[in-house]
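Undergrad:
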Amino acid sequence: MTLALSSFPGLSDLKDASLAADKPALGVHLNRINQNANFGIVRLEIFSGTYRHGETIPVPTSDVDGYIYNRKELMYLWSAQNTGDPNTGWASYREPWTMWYGVWNVNQTTGEVSSQIGYRGNQDHLDRQAQTNDGLLQVFVIAQRQLVGLHLSSVPAFNKIPFSSFYTDAPLKTSLLTKMNGNAKAAVVNTEIIYMGEFGHGGTFTPPVSPIDGYAYSAGEVAVMSSFRWTSETANGGPVVPALSKGQLQDWASAFSLAGSTFTTLLTIAYESGGRHTYSEGKVAVWAFCSRSFGGVTLDEAETNFAELLQDVLMPGQTLRASTMVQLNKNINQALLTPEFFAGSYSHGSIIPLPTSAIDGYTYARNELFYIWDVSSTGPSTNTGDRMSLFQAGITSGGVVTVNDYRLQDGASLSSLAHEGQLRVIVYGKRTIHPTHPPIVPVNQPTDPVNDINQQTIVGAFLAQPLNPVAGDSMVTTLSWPVPFRDALYTVTALSVVGGNGEGIVSVVGQTASTVDIELDNLDNVIADASVTVTGGY
Amino acid sequence: MIAAPANFVTANEELAKQPIYLIEIEDLTAVFVNRWTGIADQVSWIVSIDPQSTTINEFDGTADLGEFSFTILDFEAFITSLFPTFTFEGKRVTLKTGFLGMAQVDFATLFTGEIDHVDNVLRNTAYKFFCSDATQPLSQVIYQTADDGLPTSSDHIKTLNGHPLDMLMDIFDAVGVNYDAAKIIAYRDGIFSGTQFLFELDSPPAANDFIANQLLKPLAGYLWTNNLGQLSVNFIYPQSLSTVFDITESQCDVPEGSQSDLVNVINYRYDHDRDQNKFMTEVVQEDGVSVAKYGQFGQKVIESDGMRSSYQAFFLSAISSAMLFRRYGLKALKFDKLNIFWKAVTLEPGDLVTVTNSKVPDRLLGVIGITSKKFVVMDRSWDFKTGKVSLLLLDATYLLNFGVTKITGNGEEDYAAASTADKAAYMFMCNDSDQYSTGAAANILG
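Residue numbers (our numbering), protein chains in the order written: chain A, 1 to 538; chain B, 1001 to 1446.
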């Protein structure tokens, strides 16, 4: 059964002093604790979809309670699920052009997606340079209610409460209530996702401090997730086109080393230019996925029995049933475990294992999991001379990892598929809540080979000819060849006329990748063949 | 209830008594009384004191403390002689009441305010003093400086994030008014513990408007001025469920009952988005029982810029609505004007009282006569000439269903083993039949 709430819960910084001995036993206060537990279930939610350049991420609606988020409550992580043209499923500039650089972003204020993929030719064709808005991004919308302004006056602790504390005749002790109060608040701040900033190679950061209650996370409580901002060079804080001398993009990688409590960003961008050359450049945006350890607390039973306690149960005038308190304690415990993060790195074909909570031993069901990922590496390429044509990655709802590197090898006309590299993954576990996974959009790799031809003369025989031509007649005929040329410019630079007087005037009136239409004017005789020069194209 | 010295309380219990009204003016040695007392500096020059009323506007978050005015004989031009060297305007005025023969220290304070203006009356043989309460400074504009130190505007936001009653006290401090801090703090740390509002102000509001509409209305409360001239608050959820006065048949005229206004639908609008200048959430709280019974809708709208879903706005709207429905959802018994002897002079708005009267219909039970029925004091008027108090009372029977038990210490025994006193005083968990192991009915939550 999917977990659902009937109303929007929220946080209350209920003071322990109001729960002291001889203070009134108020339903309002128990309800506040109850609401905190509910809030712990939904305070952090993650949504995902695939978006292309120029699109704006819509504000999400919670599946649990129907809450419509304000854009101020959202952060966006992203990763290129596919670097190609979303319309065609392949690179706008295909082989022999290959990737030059990638620049990606989701505007954190507006939710607008931008993606730039640069393509270029090899060092023999430096004139081939193109910038496109290729790219299909998988965007992870991190929704944290009251992202700015949520406040607790002190850091709450979590103290395990045995269920044996709740029974008929049990006194409502101040120690029990204050523990439940602290636990319910802890269940709200148990996990936070905090934006750390953009970092280039060598950039360092330390574990964040919670903006809610000032809790200082330890490095062990932080899992780092990044989104590649750009693979290119950086100048004046922004991306710039890589120097042509570097060559064509081969692969890219990010990592974070930890020394003491300092994380260091490590970026590697590899280019092919007569061999593999690596550079420490590019930039990533970084988020800290924080989970409080609460001193290594463990619970005695798997917490999966959350059941909403309607506020009426704890309104003034109601009795206080032990069963209600048991359920409240269960709800707090499950909220404490909602969500849980499990970090790892996975390569192509891996099936991400079902994680088990270290706190209560619960093993998640597959449909309770969601996968947030970014490229850890798209290589290194194992073939000398490889250049990245298109990169594709993703994780299915079944936890199957896809890492597809389509690379053009030296001398090849079509890219070949490799599965080098890894994804950095944070598994987001949310019990009895079933997230929606966007599909991995398939690649549509062209199967027609390409020739890298330039300034080639094609001689074709015109078999078609008008019957009984009369001087002044004109005709259009088509010259075709089996290997297509892309983006070529056809110019007629020479014409050989056989069987006539050679007075035909020729011009190009149309072209496709594998045909050119030639108009012959002022015909007065049979034309047998002509020659056409193709410039540009490949 | 107005706190009065023990000697006053004792004397006030007497049926036959002669009230003394005593008016003190700041920096004036002479004290004015309504009859000769023989006490030094007390001069019996009070000609009259006009009736004084407090009117509660619960749904507006305010109360109107009527102008307090009194007339003093200008005996031997005493007051006239003061004018060249004494400025009455702005001077604090205190009205006290006691009884003949009572020491001044034992008098109870009924009103504290400031002189606003002074007129000649009675053919210039007397002066009439007009006094206002402490709310005048609340007309000031507040929060004029934004977070960045510049004047508050759409480009320079003033953010407030905290407990609404802390904001209330901050405003009082800012405008320089005296207030009942103990009561406000008790509410803040009691019933409203954990309440939080978040405002993003793009223009500086007037204090009185902000307090009423943004701080108190959402909490189902109102601002009023107490007898000490302090600004105070009352909320529909009372701090104490105890009654402070029993109104018996012999103390008052036979009151005629009426019905409270019907309120059974409340639209709460919150999660105000400054960029879009609209409320992102609207919750309609409805009293189904009331609607089913009457087939009528009495609707109120409460818009709060500070309530946020993420700060339990929905729950706050639910609890406030539930309280309002209990008071107004079933057209409860109301006495618009219950005239009672001077003994009730210390009653204040928000006090809980009982009423016993054999001639008042009990519509709930379908009989004539009510016994120890709980009411809450709303409006209050003093008629100094007749020595009577007039009250507007609203049925508060619903509060009988509120528990008064307390949280236990850590050494408390289980219910079965607890002392009889503790069984009644403290909260224990019960079974699903709402009983304890002894078979006793379970205590209920407040």
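Don't be surprised by glycine CBs; every beta carbon is placed ideally from N, CA and C. As the structure is a computational prediction, the values presented were derived from the model and not from experiment.
Is the Cβ of T1408 of chain B closer than 9 Å to any Cβ of chain A?
TA: yes
Undergrad: Would you list the one or two residues that DSSP bridges to I1025 of chain B?
TA: B:V1093
Undergrad: Sort B:L1073, B:A1332, B:I1023 and B:I1115 by Cα distance to V1121 of chain B and report the nearest one.
TA: B:L1073
Undergrad: Distance check for E519 of chain A and V497 of chain A, CA to CA, integer angstroms please.
TA: With a pLDDT of 45 at V497 of chain A, under the threshold of 50, the modelled position of this residue cannot be trusted; read the value that follows with caution. If you take the alpha carbons of V497 of chain A and E519 of chain A, they lie about 14 Å apart.
Undergrad: Mind checking if E1014 of chain B is an interface residue toward chain A, Cβ cutoff 9 Å exclusive?
TA: False, the Cβ-Cβ gap to chain A never drops below 9 Å.
Undergrad: Determine the closest residue to D1271 of chain B out of B:N1410, B:D1305 and B:V1254, with distance taken between C-alpha atoms.
TA: B:D1305
Undergrad: Looking at chain A, which residues of the region 1293-1318 of chain B have a Cβ within less than 8 Å of any of its Cβ atoms?
TA: Residues R1308, S1309, S1310, Y1311, Q1312, A1313, F1314, F1315 and A1318.
Undergrad: Put P1164 of chain B into one of helix, strand or coil per three-state DSSP.
TA: helix
Undergrad: Quick check on this structure: which residue in A:T382, A:G84 and A:S254 has the alpha carbon closest to the alpha carbon of T231 of chain A?
TA: Here the closest residue by C-alpha is A:S254.
Undergrad: So which residues of chain B does A219 of chain A contact, with C-beta pairs closer than 9 Å?
TA: In chain order: nothing, as chain B lies at least about 29 Å away.
Undergrad: Which bits of chain B does A170 of chain A rub up against, with CB to CB less than 9 Å?
TA: D1414, Y1415, F1428 and M1429
Undergrad: Return the chain-ordered list of same chain residues with a C-beta closer than 8 Å to the C-beta of Q1435 of chain B, the five sequence neighbours on each side being excluded.
TA: Cβ within range, chain order: A1441 and A1442.
Undergrad: DSSP three-state call for W1045 of chain B: helix, strand or coil?
TA: coil
Undergrad: By alpha-carbon positions, which one of B:T1281, B:T1062 and B:Y1021 ends up nearest to V1043 of chain B?
TA: B:Y1021
Undergrad: Report the neighbours of N1234 of chain B on chain A: residues whose CB is nearer than 7 Å to its CB, in chain order.
TA: The contacting residues do not exist; N1234 of chain B stays about 17 Å from chain A at best.
Undergrad: Assign P539 of chain A to buried or exposed, taking buried as 16 or more other Cβ atoms, counted over all protein chains shown, within 10 Å of its Cβ.
TA: Because residue 539 of chain A is not part of the residues shown, which for chain A are 1 to 538, the question remains open.
Undergrad: By the three-class DSSP mapping on this structure, what secondary structure does P58 of chain A have?
TA: coil
Undergrad: Starting from F1325 of chain B, trace the alpha helix (DSSP H) in both directions and tell me its first and last residue.
TA: A1313 to Y1328
Undergrad: If you draw a straight line from the C-alpha of F140 of chain A to the C-alpha of Q129 of chain A, how long is it?
TA: 31 Å
Undergrad: Under 9 Å between the Cβ atoms of L74 of chain A and G111 of chain A?
TA: yes
Undergrad: Closer than 8 Å, Cβ to Cβ, to anything on chain D: give me those residues from the region 1168-1200 of chain B, in chain order.
TA: Absent from the structure is chain D; the protein chains it does hold are A and B.
Undergrad: Could you give the C-beta distance for N183 of chain A and L19 of chain A, rounded to a whole number, given that I count them as a contact under 8 Å?
TA: Rounded, the Cβ-Cβ distance is 13 Å, inconsistent with contact.
Undergrad: Roughly how many angstroms separate the alpha carbons of L147 of chain A and Y195 of chain A, rounded to a whole number?
TA: Between the alpha carbons of L147 of chain A and Y195 of chain A lies a distance of about 11 Å.
Undergrad: Looking at the unbroken alpha helix (DSSP H) that takes in A322 of chain A, where does it start and where does it end?
TA: Per DSSP, A322 of chain A belongs to the alpha helix (DSSP H) from A322 to L336.
Undergrad: Apply the 10 Å Cβ neighbour rule to V1263 of chain B and answer buried if 16 or more other Cβ atoms are within range, or exposed otherwise.
TA: buried
Undergrad: Taking three-plus beta-carbon pairs below 8 Å as touching, is the region 252-269 of chain A in contact with the region 119-128 of chain A?
TA: The answer is no - the region 119-128 of chain A does not touch the region 252-269 of chain A, with fewer than three Cβ pairs under 8 Å.
Undergrad: Quick one: is D1379 of chain B buried, meaning 16 or more other Cβ sit within 10 Å of its Cβ, or exposed?
TA: buried
Undergrad: Could you pull out every residue in the same chain whose Cβ sits closer than 6 Å to the Cβ of E1024 of chain B, ignoring the five residues on either side in sequence?
TA: V1031 and T1094
Undergrad: By the three-class DSSP mapping on this structure, what secondary structure does V1284 of chain B have?
TA: If DSSP states are grouped into helix, strand and coil, V1284 of chain B belongs with the strands.
Undergrad: Do you know how far the Cα of S261 of chain A is from the Cα of E1412 of chain B?
TA: 46 Å
Undergrad: Do G429 of chain A and E308 of chain A have their beta-carbon atoms positioned less than 9 Å apart in this structure?
TA: no
Undergrad: Quick check on W1036 of chain B: does DSSP put it in helix, strand or coil?
TA: coil
Undergrad: Starting from Y1187 of chain B, trace the alpha helix (DSSP H) both ways and give me its first and last residue.
TA: A1181 to D1189
Undergrad: Under a Cβ-count criterion, where at least 16 other Cβ atoms within 10 Å of its own Cβ denotes burial, should F1402 of chain B be classed as buried or exposed?
TA: buried
Undergrad: Rounding to the nearest angstrom, what Cα-Cα distance links V427 of chain A and F342 of chain A in this structure?
TA: 5 Å
Undergrad: Buried or exposed: which applies to G398 of chain A, given that a residue is buried once 16 or more other Cβ atoms fall within 10 Å of its Cβ?
TA: exposed
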